[in-house]
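Notes to accompany the following structure.
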Amino acid sequence: MKCEWDECEEDIEEDSKKHFLMHIEKLSVNKCLWKDCARIGEIQASKHALLAHARRHTGERPFECHICGKDYTRSDPLKKHLARHEAVESKNASLIAKIEYLSALLTEHRRETIRIMNQIESIQRNIQVVNSKIVDKIKENL
0 MKCEWDECEE DIEEDSKKHF LMHIEKLSVN KCLWKDCARI GEIQASKHAL
50 LAHARRHTGE RPFECHICGK DYTRSDPLKK HLARHEAVES KNASLIAKIE
100 YLSALLTEHR RETIRIMNQI ESIQRNIQVV NSKIVDKIKE NL
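Mind the numbering: the sequence shown is residues 0 to 141 in numbering that gives the first Met the number 0, read in order.
Next up, the structure:
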């Protein structure tokens, strides 16, 4: 990559951060001197802010999410991104707990339903036996 800093024509294939630190250290005022930058000459709050701005030009994105791999030029957007992962994980944990609770309720409901169905079948068999005995008694008395 060719450096586009004002009055610099160097190829910077290796450590672009080190190269830009060299430019930034030479400045008395923290301002971007990248050719064709929309913010050229705009004063930044600090050398650190200027270095973070320079990453837009170099494509350097050193702050990477360990969960999904998304990368950023600064640490603060990564922190916000990680907070979203944590919120999703918390929501997922809550949903999983609800699913487990409902699953346990459903299992208990099924057991109770089977127990009741077995009782009903037993009662129906008893009714058939009693009905059969009644019919037999009626036939005897005729």
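Idealized CB from N, CA, C, for every residue including glycine.
Note that this is a predicted model, so its numbers are computed, not measured.
Per DSSP, the bridge partner or partners of residue i
i     : result
PHE62 : TYR71
ALA1  : Reading off the sequence shown, one finds Lys at residue 1, where the question assumed Ala. Answer is ASP10.
LYS30 : ILE42
Local Cβ density within 10 Å of residue i, reported as buried at 16 or more and exposed below that
i      : result
ALA103 : exposed
HIS52  : buried
GLN43  : buried
HIS47  : exposed
LEU101 : exposed
LEU77  : buried
CYS31  : buried
LEU50  : buried
Where residue i falls: helix, strand or coil (DSSP)
i      : result
ALA53  : helix
ASP35  : coil
LEU104 : helix
Spatially closest choice to residue i from the options, by CA coordinates
i     : options                        : result
PHE62 : LYS79, LYS46 and LEU49         : LYS79
CYS36 : ASP5, LYS17 and GLU24          : ASP5
MET0  : VAL28, HIS56, HIS108 and SER45 : HIS56
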